[in-house]
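Trainee:
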Amino acid sequence: MDFPEELKYTEEHEWVLVEGDIATIGITDFAQDQLGDIVFVELPEVGDSFEAGQTFGVVESVKAVSDVYAPVSGEVVEINEELPDEPEALNNSPYDAGWILKIKLSDPSALGGLMDVATYQEFVEKD
Amino acid sequence: MKATPLNQIHRQLGARMVDFGGWDMPVQYSGVIAEHLAVRSAAGLFDVSHMGEIEVSGPQALEFLQYAMTNDVSALVDGQIQYTAMCYETGGVVDDLTLYRFAADHYLLCVNASNSDKDFAWLQGLQKRANYHDLSLINRSDDYAQLALQGPVAADILSKLTTTNLAEIKFYHFVEGEVAGIETIISRTGYTGEDGFELYCPAQDGVKLWQQLMAAGQSFGLDPIGLGARDTLRLEKGYALYGHEITAEIMPLEARLAWITKLKKGDFVGRDAMLKAKEAGLPRKQIALALTASGVPREGYPIFCDDKEVGYVTSGTMSPSLKKGIALALVDIAAADSNQPLKIGIRKHQILAERTALPFVK
Numbered sequence: 001m002d003f004p005e006e007l008k009y010t011e012e013h014e015w016v017l018v019e020g021d022i023a024t025i026g027i028t029d030f031a032q033d034q035l036g037d038i039v040f041v042e043l044p045e046v047g048d049s050f051e052a053g054q055t056f057g058v059v060e061s062v063k064a065v066s067d068v069y070a071p072v073s074g075e076v077v078e079i080n081e082e083l084p085d086e087p088e089a090l091n092n093s094p095y096d097a098g099w100i101l102k103i104k105l106s107d108p109s110a111l112g113g114l115m116d117v118a119t120y121q122e123f124v125e126k127d
Numbered sequence: 001m002k003a004t005p006l007n008q009i010h011r012q013l014g015a016r017m018v019d020f021g022g023w024d025m026p027v028q029y030s031g032v033i034a035e036h037l038a039v040r041s042a043a044g045l046f047d048v049s050h051m052g053e054i055e056v057s058g059p060q061a062l063e064f065l066q067y068a069m070t071n072d073v074s075a076l077v078d079g080q081i082q083y084t085a086m087c088y089e090t091g092g093v094v095d096d097l098t099l100y101r102f103a104a105d106h107y108l109l110c111v112n113a114s115n116s117d118k119d120f121a122w123l124q125g126l127q128k129r130a131n132y133h134d135l136s137l138i139n140r141s142d143d144y145a146q147l148a149l150q151g152p153v154a155a156d157i158l159s160k161l162t163t164t165n166l167a168e169i170k171f172y173h174f175v176e177g178e179v180a181g182i183e184t185i186i187s188r189t190g191y192t193g194e195d196g197f198e199l200y201c202p203a204q205d206g207v208k209l210w211q212q213l214m215a216a217g218q219s220f221g222l223d224p225i226g227l228g229a230r231d232t233l234r235l236e237k238g239y240a241l242y243g244h245e246i247t248a249e250i251m252p253l254e255a256r257l258a259w260i261t262k263l264k265k266g267d268f269v270g271r272d273a274m275l276k277a278k279e280a281g282l283p284r285k286q287i288a289l290a291l292t293a294s295g296v297p298r299e300g301y302p303i304f305c306d307d308k309e310v311g312y313v314t315s316g317t318m319s320p321s322l323k324k325g326i327a328l329a330l331v332d333i334a335a336a337d338s339n340q341p342l343k344i345g346i347r348k349h350q351i352l353a354e355r356t357a358l359p360f361v362k
């Protein structure tokens with residue numbers, strides 16, 4: 001399973017790429033594998049604001065509905081508009097074509113709850 | 001957790017295993033959609049050894065089954081199979097099942113895995129209450145492994161392993177014959193809507209039968225199929241699943257199963273309640289719905305008509321064949337029979353759904 005080094009991770013199996021005050025968010029290879037074939041994605045709208053830990057969207061596989069939680073607080077500045085038509089990108093390319101949205105961080109210093117790749121890998125193995 | 005004789009095979013194949021009504025079963029191997037499409041276009045092999053088998057024999061077998069079942073068991077000939085249900089006095093369903101006639105005094109019932117103990121106890125109780133002495137009931141669930149070989153090339157694959165003339169086995173008929181040297185009940189039945197067979201063999205031969213079938217099917221594109229695709233395949237055909245479309249609280253008549261409910265055959269358990277309900281007018285009925293926008297209907301989601309809640313989804317999924325959301329729903333009769341638009345409540349949205357004829361996928 002693939003977990004890129006440059007990303008941060010959450011216990012909800014999301015990844016976060018922080019560039020300046022913008023965080024790009026998706027679900028991890030582990031998450032997509034657990035879910036199975038993803039067939040539906042429900043995204044928030046640009047301009048919506050979320051607190052870290054709040055549900056911002058839904059990812060559904062054939063068998064299951066899974067909430068997606070905001071790993072950081074801030075305002076949605078971009079969503080992946082291809083995803084609703086191509087939800088399988090979450091399976092095929094979770095870190096690239098399957099990115100979900102970008103959030104402008106309300107506090108770029110508040111990233112304390114996120115795991116580095118080694119910690120996440122350990123977390124996944126225990127899960 | 002209970003395990004079928006094929007449990008190790010599933011693990012070796014890297015299946016994702018789940019607890020299915022107390023059974024450790026494969027929910028998927030390569031993925032639900034790929035498996036689903038393999039069955040529609042080529043063939044799939046399912047381990048359905050968790051299903052229960054109950055043997056009914058003796059001079060009173062036919063009379064007893066005629067009393068216990070909703071369908072007309074007397075219509076069967078030797079080697080024929082019938083889809084039927086057994087009900088409580090209330091008209092609610094104990095279980096739905098397939099009934100195999102070996103002889104006028106010898107039958108095998110194939111029942112749902114999670115219901116098999118309940119069903120056996122129910123039949124024993126009924127035997128006692130209704131005084132059927134010349135009758136033997138045996139729970140044979142542990143004796144059989146059962147594999148389902150389903151798909152348009154299923155007969156081509158099976159014919160590699162048997163001298164039995166498969167062309168002579170009509171739909172919902174069976175023969176006893178050898179498959180790969182194993183004594184097998186070869187039944188032309190299934191739960192996918194495709195041509196195919198359900199094969200019953202001694203439990204200890206289950207692994208060998210699986211391996212021989214997989215080897216014979218390799219050049220035909222045969223894939224192992226988990227419970228995930230088993231559910232989407234049956235739902236595309238509108239087949240009922242116990243615990244969802246039919247339960248102890250839902251009558252067969254409400255669930256599009258009037259065709260297996262022979263109210264004119266004479267007395268059977270649940271008939272009085274059904275006649276009464278029919279006379280009073282059934283309050284609700286099952287309908288089939290297809291979403292007009294993207295989304296996935298799920299069991300329990302509410303159905304709205306004119307903003308009023310009028311029912312709920314009993315089974316729903318994203319149809320891998322149609323690539324849209326499909327659902328079976330139990331809905332108040334007035335809303336079901338009206339032309340008013342129906343909507344399915346999905347989280348905070350209400351999404352328009354079209355009434356659809358079954359099967360969803362022809």
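Here the protein sequences line up with chains P and S, keeping their order. Under the working numbering, read the first sequence as residues 1 to 127, first letter to last. Under the working numbering, read the second sequence as residues 1 to 362, first letter to last. Glycine included, every Cβ here is placed at the ideal spot set by N, Cα and C.
1. Quick check on the burial criterion: 16 or more other C-beta atoms within 10 angstroms. Buried or exposed for residue 210(S)?
2. To the nearest angstrom, how far is the alpha carbon of residue 90(P) from that of residue 97(P)?
3. Determine whether the Cβ of residue 125(S) lies closer than 7 Å to any Cβ atom of chain P.
4. How would you list, in chain order, the residues of chain S whose beta-carbon sits under 7 Å from the beta-carbon of residue 45(P)?
5. Is there a Cβ of chain S sitting closer than 7 Å to that of residue 136(P), yes or no?
6. Which term fits residue 80(P), buried or exposed, when burial requires 16 or more other beta carbons within 10 angstroms of its beta carbon?
7. Considering only DSSP beta bridges, list what residue 182(S) is partnered with.
8. Could you have a look at residue 376(S) and say whether DSSP puts it in helix, strand or coil?
9. Taking a cut of 7 Å between CB atoms, which residues from the segment 168-190 of chain S lie near chain P?
10. Quick one: what's got a C-beta closer than 7 Å to residue 370(S)'s C-beta in the same chain, skipping five residues either side?
11. List the residues that DSSP assigns as beta-bridge partners of residue 173(S).
12. Can you find a CB in chain P that lies within less than 7 Å of the CB of residue 228(S)?
13. Considering only C-alpha positions, which residue in the set 182(S), 149(S), 173(S), 109(S) is nearest to residue 162(S)?
14. In chain S, what lies closer than 9 Å to residue 36(P) by C-beta?
15. Does the Cβ-Cβ distance between residue 153(S) and residue 255(S) come in under 7 Å?
16. Taking any Cβ of chain P, which residues in the segment 295-322 of chain S have a Cβ under 9 Å from it, in chain order?
17. My parser needs the beta strand (DSSP E) runs of 3 or more residues fully inside the segment 15-64 of chain S; what are they?
18. Strictly below 9 Å CB to CB, what residues from chain S border residue 130(P)?
19. Cutting at 6 Å between CB atoms, please list the residues of its own chain near residue 102(P), excluding the five before and the five after it.
20. Taking beta-carbon pairs under 8 Å, can you tell me which members of the segment 58-87 of chain P lie near chain S?
21. Assuming the contact rule is C-beta atoms closer than 8 Å, residue 289(S) and residue 355(S) should be a hit. Round their C-beta distance to whole Å, please.
22. Which residues, in chain order, does the segment 82-94 of chain S contribute to contact with chain P at a C-beta distance below 8 Å?
23. Could you tell me the distance, in whole angstroms, from the CA atom of residue 222(S) to the CA atom of residue 156(S)?
24. So residue 192(S) contacts chain P; which residues on that side make the cut at Cβ distance below 9 Å?
25. Bridge partners of residue 93(S), per DSSP?
26. Since residue 259(S) sits in a beta bridge, which residues does DSSP pair it with?
27. Which bits of chain P does residue 232(S) rub up against, with CB to CB less than 7 Å?
28. Which residues share a DSSP beta bridge with residue 25(P)?
29. Quick one: Cα of residue 115(S) to Cα of residue 52(S), how far?
30. Can you tell me where the beta strand (DSSP E) with residue 144(S) in it begins and where it stops?
31. Please determine if the segment 17-28 of chain S and the segment 52-68 of chain S are in contact, where contact requires at least 3 C-beta pairs separated by less than 8 Å.
32. Examine the Cβ distances between the segment 185-196 of chain S and the segment 123-132 of chain S and report whether three or more of them are shorter than 8 Å.
33. Give the range of the alpha helix (DSSP H) segment to which residue 332(S) is assigned.
34. Just the Cα atoms here: how many angstroms apart are residue 325(S) and residue 352(S)?
35. Is the separation between the beta-carbon of residue 260(S) and that of residue 83(S) shorter than 7 Å?
36. Where does residue 87(P) fall in DSSP's three states?
Mentor: Taking the coordinates as given:
1. Position 210 of the second sequence, counted from the start, is the residue given in the question as residue 210(S). Its Cβ being crowded by 16 or more others within 10 Å, residue 210(S) is buried.
2. Here residue 90(P) corresponds to residue number 90 of the first sequence, with the count starting at 1. Here residue 97(P) corresponds to residue number 97 of the first sequence, with the count starting at 1. C-alpha separation (whole angstroms): 7 Å.
3. On the second sequence, residue 125(S) is found 125 positions in, with the first residue counted as 1. It does not: the Cβ of residue 125(S) has no partner Cβ on chain P nearer than 7 Å.
4. Numbered from its first residue, the first sequence carries residue 45(P) at position 45. Chain S residues near residue 45(P): none, gap ~13 Å exceeds 7 Å.
5. A question about residue 136(P) goes unanswered here, because the residues of chain P that appear run from 1 up to 127.
6. Translated into the one-based positions of the first sequence, residue 80(P) becomes position 80. Around the beta carbon of residue 80(P), 16 or more other beta carbons lie within 10 angstroms, which makes this residue buried.
7. Translated into the one-based positions of the second sequence, residue 182(S) becomes position 182. Note: residue 182(S) sits in a beta bridge opposite 179(S).
8. Nothing in the structure corresponds to residue 376(S), since chain S is present only between 1 and 362.
9. Residues passing the 7 Å Cβ filter: none.
10. The requested residue 370(S) is not part of the displayed model; chain S covers only 1 to 362.
11. For the purposes of this step, residue 173(S) is taken as the residue at position 173 of the second sequence. For residue 173(S), which the question treats as bridged, DSSP gives the partners 80(S).
12. The sequence position of residue 228(S) within the second sequence is 228, counting from 1. Interface annotation, residue 228(S): in contact with chain P, CB-CB separation under 7 Å.
13. Residue numbering aside, residue 162(S) sits at position 162 when the second sequence is read from its first letter. The residue with the shortest Cα to Cα distance from residue 162(S) is 182(S).
14. Within the first sequence, numbered from 1, the residue matching residue 36(P) stands at position 36. Under the 9 Å cutoff, chain S gives 16, 27, 28, 31, 32, 33, 228.
15. As a position in the second sequence, residue 153(S) is number 153, starting the count at 1. As a position in the second sequence, residue 255(S) is number 255, starting the count at 1. Not closer than 7 Å, so no.
16. The residues in question are 295, 296, 298, 317, 318, 320.
17. As for any beta strand (DSSP E) of minimum length 3 sitting wholly inside the segment 15-64 of chain S, the runs are 16-20, 23-28, 43-47, 52-57, ordered along the chain.
18. Here chain P covers residues 1 to 127 and nothing more, so residue 130(P) does not appear.
19. Position 102 of the first sequence, counted from the start, is the residue given in the question as residue 102(P). The beta carbon of residue 102(P) sits closer than 6 Å to those of 22, 24, 77, 78, all from its chain and outside the five residues before and after it, given in chain order.
20. Those would be 58, 60, 61, 62, 63, 65, 84, in chain order.
21. Sequence index remark: in the second sequence, residue 289(S) carries index 289 (1-based). Sequence index remark: in the second sequence, residue 355(S) carries index 355 (1-based). Between residue 289(S) and residue 355(S) a beta carbon distance of about 6 Å is seen, short of the 8 Å cut, so the two are scored as contacting.
22. Within the segment 82-94 of chain S, no residue qualifies.
23. As a position in the second sequence, residue 222(S) is number 222, starting the count at 1. As a position in the second sequence, residue 156(S) is number 156, starting the count at 1. Cα atoms of residue 222(S) and residue 156(S): separation of roughly 11 Å, rounded to the nearest angstrom.
24. Walking along the second sequence from the start, residue 192(S) turns up at place 192. Within 9 Å Cβ-Cβ: nothing; residue 192(S) doesn't reach chain P, min ~15 Å.
25. On the second sequence, position 93 is the one that residue 93(S) refers to. DSSP, once it has assigned bridges, lists 87(S) as partnering residue 93(S).
26. Stepping through the second sequence from its first residue, residue 259(S) is reached at position 259. Residue 259(S) pairs with nothing; no bridge assigned.
27. Locating residue 232(S) in the second sequence gives position 232, where the first residue counts as 1. Within chain P, the residues near residue 232(S) are 62.
28. Within the first sequence, numbered from 1, the residue matching residue 25(P) stands at position 25. Looking at the DSSP assignment, residue 25(P) forms a beta bridge with 16(P), 101(P).
29. Counted from its first residue, the second sequence places residue 115(S) at position 115. Counted from its first residue, the second sequence places residue 52(S) at position 52. Rounded to the nearest angstrom, the two C-alpha atoms are 8 Å apart.
30. Position 144 of the second sequence, counted from the start, is the residue given in the question as residue 144(S). Per DSSP, residue 144(S) belongs to the beta strand (DSSP E) from 144-150.
31. Using a C-beta cut-off of 8 Å, the segment 17-28 of chain S makes no contact with the segment 52-68 of chain S, since fewer than three inter-stretch Cβ pairs fall below that distance.
32. Contact fails: fewer than three Cβ-Cβ distances are below 8 Å.
33. Counted from its first residue, the second sequence places residue 332(S) at position 332. Unbroken run through residue 332(S) is the beta strand (DSSP E), 324-332; no alpha helix (DSSP H).
34. Within the second sequence, residue 325(S) is the residue found at index 325, counting from 1. Within the second sequence, residue 352(S) is the residue found at index 352, counting from 1. Roughly 11 Å separates the two Cα atoms.
35. As a working note, residue 260(S) is residue 260 in the second sequence. As a working note, residue 83(S) is residue 83 in the second sequence. Cβ distance < 7 Å, so residue 260(S) and residue 83(S) count as in contact.
36. In the first sequence, the residue the question calls residue 87(P) occupies position 87. Correct three-state label for residue 87(P): coil.
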